[in-house]
Every structure is written in structure tokens, then in C-alpha cells.
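To start, the structure itself, in C-alpha cells.
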Amino acid sequence: MTVAQLPSPATRAVREVLYRNAVEPAFQPIVQLEDGVVNGYEALARFNPEHFTNPADAFHAAYTAGLGVDLEILAIERALLRISDLPTGVWLSLNASVEALLEPRTITMLLAHAHHSLTVELTEHTQVTDYTALREVMDLLRAAGIKIAVDDAGSGFANLSQILQIQPDIIKLDISLTRDIDQDPVRIALARALFSFSESVGAVLVAEGIETYAEHAQLMALGVRHGQGYYIAKPGPLPSRHIEPLL
Numbered sequence: 030m031t032v033a034q035l036p037s038p039a040t041r042a043v044r045e046v047l048y049r050n051a052v053e054p055a056f057q058p059i060v061q062l063e064d065g066v067v068n069g070y071e072a073l074a075r076f077n078p079e080h081f082t083n084p085a086d087a088f089h090a091a092y093t094a095g096l097g098v099d100l101e102i103l104a105i106e107r108a109l110l111r112i113s114d115l116p117t118g119v120w121l122s123l124n125a126s127v128e129a130l131l132e133p134r135t136i137t138m139l140l141a142h143a144h145h146s147l148t149v150e151l152t153e154h155t156q157v158t159d160y161t162a163l164r165e166v167m168d169l170l171r172a173a174g175i176k177i178a179v180d181d182a183g184s185g186f187a188n189l190s191q192i193l194q195i196q197p198d199i200i201k202l203d204i205s206l207t208r209d210i211d212q213d214p215v216r217i218a219l220a221r222a223l224f225s226f227s228e229s230v231g232a233v234l235v236a237e238g239i240e241t242y243a244e245h246a247q248l249m250a251l252g253v254r255h256g257q258g259y260y261i262a263k264p265g266p267l268p269s270r271h272i273e274p275l276l
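In this note's numbering, the protein residues as written are 30 to 276.
Below you can see the structure in the form of C-alpha cells.
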């Protein structure tokens with residue numbers, strides 16, 4: 030192998046992570062905004078800083094190296110190891126790209142844990158080209174009791190098109206709309222429209238990235254009932270009990 034053919038440092042780091050199963054899950058609560066009661070936890074992947082300081086960099090490097098689905102599956106496997114530690118009645122939300130969700134290994138793993146309360150948050154690394162195959166997988170998961178969420182709602186036309194095609198059980202309001210929503214009439218109008226849409230189709234709207242009291246208060250005023258973000262709790266280990274209600 031010539032020097033030009035050697036894998037990049039990022040690719041070598043991804044391979045090291047996969048070889049050592051070096052993904053540590055962190056869990057961020059999804060709460061009822063009115064009282065802070067935890068309804069679910071989103072599982073997020075964290076890495077040794079020697080490998081990657083930013084999870085987004087890890088997944089970008091993995092997909093560049095053709096190892097993206099492998100890394101996603103490892104992250105899901107590691108999160109599922111903690112599923113028995115969840116409080117009763119609380120769901121676990123797992124992130125999966127379309128590519129990963131169409132992978133038989135992912136489907137088998139999710140169905141094996143379907144007796145727990147699971148939600149799959151659909152993320153997008155590439156444009157969806159085969160909605161028929163994706164809907165078949167989602168129908169299979171839903172039949173087993175697994176809910177489907179669409180991430181980053183309001184972040185662009187492709188995302189809104191995905192919502193129409195998938196008809197998710199949960200719609201997650203993108204952080205770009207949540208941030209400074211108390212100061213921006215345009216964000217307020219769009220969030221109100223997405224809330225109205227979610228209500229009309231029977232989906233739960235969850236606001237992501239709530240970082241201030243003012244954002245929290247504005248979302249509640251719009252009728253949004255569920256949210257997550259640093260104002261509520263940062264990602265971390267699963268607590269031994271629910272977090273205290275917000276004052």
C-alpha cells in the first residue's frame with residue numbers, strides 16, 4: 030500500500046471505535062414542559078476524545094469511510110444495553126438514518142427489543158430515494174409497537190416532504206426554530222403551524238434545543254407540551270429516578 034492509499038486518521042479512528050466497541054451512550058430526557066415529568070430519553074452517542082471530540086465528526090468520518098451504518102448500529106446496540114434501566118412507562122428514543130433503518134441487522138435488533146417502549150428518530154444523511162421500501166420497514170416496526178419520529182422538523186423543504194411521506198408518530202421541532210423563539214415572530218408563526226399540523230394528524234410535537242427560560246415559556250404559550258434541551262437537562266447517565274419537576 031502506498032502512502033496515498035493509507036486510510037486517513039479519521040478513518041483509522043472510526044475503525045478503532047468499531048473494533049473496541051468504543052461508543053458510550055448518553056441520555057437526554059424528553060419531558061412534559063408543564064411539570065418536567067420525564068416521558069422519554071433520547072440516546073446520544075459519545076466518544077473518547079482521543080477518537081472524536083464531536084459526535085457529528087465521528088459519524089461524518091464513518092460515512093466518508095463507508096462505515097456509517099456500522100457505527101450507527103454499534104451506537105444503537107450500546108444504548109439498548111441500558112434499556113432495562115429505564116423507569117416504567119418511559120420510552121427510549123434511538124437515532125437511525127434511512128440507510129441504517131433499511132439494513133436488516135438494524136431491523137432484527139429493533140424487533141428483538143420491541144417489547145420495550147422504543148421510538149426510532151429518523152435522521153437524514155442522504156436524500157430518500159425509495160419511500161416504498163422505507164414505509165415497508167416502518168410498517169413492520171409500527172406493527173411491533175415501535176413508534177417513528179422525524180427529527181429536525183422545519184429545517185427545510187426535504188424535511189417537510191419527509192414528514193408528509195412518513196406520517197410520523199412524533200415530530201421533533203428543530204433547534205433552529207426553538208432558538209430565540211421568544212424574540213422572533215417568524216419562528217413563533219412556523220412553530221405554531223407545525224404544532225397545529227401535529228395536532229391535526231395525531232402526532233406528538235417535541236421541541237428540541239430548549240436552552241432558556243424564555244424559550245421554554247414561549248413554547249408552552251404556543252401549546253407545545255413536550256421538549257428537551259440544556260435548560261431542562263444535559264445528556265448524561267440515566268438517573269436512578271425521574272428528574273425533579275421544573276419550577
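The beta-carbon is built from N, C-alpha and C at its ideal position, and this holds for glycine as well.
Taken atom to atom, the span from the alpha-carbon of Ile-239 to that of Ala-262 is near 9 Å. Scanning the segment 175-247 from its first residue to its last, the whole beta strand (DSSP E) runs of 3-plus residues come out as 176-182, 199-202 and 233-236. For Phe-56, there is no enclosing alpha helix (DSSP H); the enclosing beta strand (DSSP E) covers residues 53-61. Assigned with DSSP and collapsed to three states, Tyr-70 falls in strand. Distances from the alpha-carbon of Leu-73 to those of Glu-45, Phe-88 and Val-215 put Phe-88 closest. Annotation for Arg-75: Val-52, Glu-53, Pro-54, Ala-55, Pro-84 and Pro-264 place their beta carbon closer than 8 Å to its own, counting only its chain and skipping 5 residues before and after. The secondary-structure analysis by DSSP pairs Thr-152 across a beta bridge with Ser-126. Taking the Cα positions, Ala-243 is about 44 Å away from Tyr-48. In the displayed model, His-80 falls within coil according to three-state DSSP, outside both helix and strand.
A straight-line Cα-Cα distance of about 33 Å links Ala-90 and Gly-174. Secondary structure of Arg-254 (DSSP, three-state): coil.
Bridge pairing for Arg-75: Glu-53 [DSSP].
Per DSSP, reduced to three states, the secondary structure at Leu-109 is helical.
By the criterion of a C-beta distance shorter than 6 Å, His-80 is surrounded in its chain by Ala-42 and Val-46, once the five residues flanking it on both sides are discounted.
Per the DSSP secondary-structure output, Leu-147 pairs in a beta bridge with Leu-121. According to the DSSP assignment, Ala-173 belongs to no alpha helix (DSSP H), since it is labelled neither H nor E. When secondary structure is reduced to three states using DSSP, Gly-265 falls in the strand class.
The residue among His-145, Leu-140 and Met-249 with its C-alpha nearest the C-alpha of Asp-168 is Leu-140. Between Leu-123 and Ile-105, the C-beta gap is smaller than 8 Å, which places the two residues in contact. In the three-state scheme derived from DSSP, where H, G and I count as helix and E and B as strand, Ala-94 is classed as coil. Here Gly-118 has no same chain residue with a Cβ atom under 6 Å from its own Cβ, once five neighbours each way along the sequence are excluded. Annotation for Ile-199: Thr-148, Lys-176, Ala-178, Ala-232, Val-233 and Val-235 place their beta carbon closer than 7 Å to its own, counting only its chain and skipping 5 residues before and after.
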